[in-house]
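Q: So for the sequence shown, this note's numbering puts the first residue at 15; every next one is plus one. Even glycine gets a Cβ: it sits at the ideal position worked out from N, Cα and C.
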Amino acid sequence: MTKYTCEECGMSIGSMTCGQCDQELTHSTIVKPDGSNVHIAECPEGHGKIKSPMCCGQDMTCKV
Ligand SMILES: [Zn+2]
Ligand SMILES: [Zn+2]
């Protein structure tokens, strides 16, 4: 199960699902033009992608 965790406070969020097909979003990472990594969650059916949730001012990370 995909699970996001905040390294600062330990809060975690369970799986997120696509609003269109109800499938669990898969974790992925994209590299921005400036070279930094952005954690994202995307629909396996290609309905779209969202930025991973943030907590304590930083991206929550996903342990696969
Ligand atoms: Zn936090
Ligand atoms: Zn979908």
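In this structure, does DSSP put residue 26 in helix, strand or coil?
A: Residue 26: strand per DSSP, three-state reduction.
Q: For residue 43, which residues from the same chain have a beta carbon less than 6 Å from its beta carbon, with the 5 sequence-adjacent residues on both sides left out?
A: Cβ neighbours of residue 43 beyond the five flanking positions: 51 and 53.
Q: Should residue 73 go down as buried or exposed, given a rule of 16 or more other Cβ atoms within 10 Å for buried?
A: By the neighbour-count rule (16 or more Cβ atoms within 10 Å), residue 73 is buried.
Q: Taking the continuous beta strand (DSSP E) assigned at residue 41, which residues delimit it?
A: Its beta strand (DSSP E) spans residues 40-45.
Q: What does the Cβ neighbour count give for residue 70, buried or exposed, with the cut at 16 atoms within 10 Å?
A: Exposed, since its Cβ has fewer than 16 Cβ neighbours within 10 Å.
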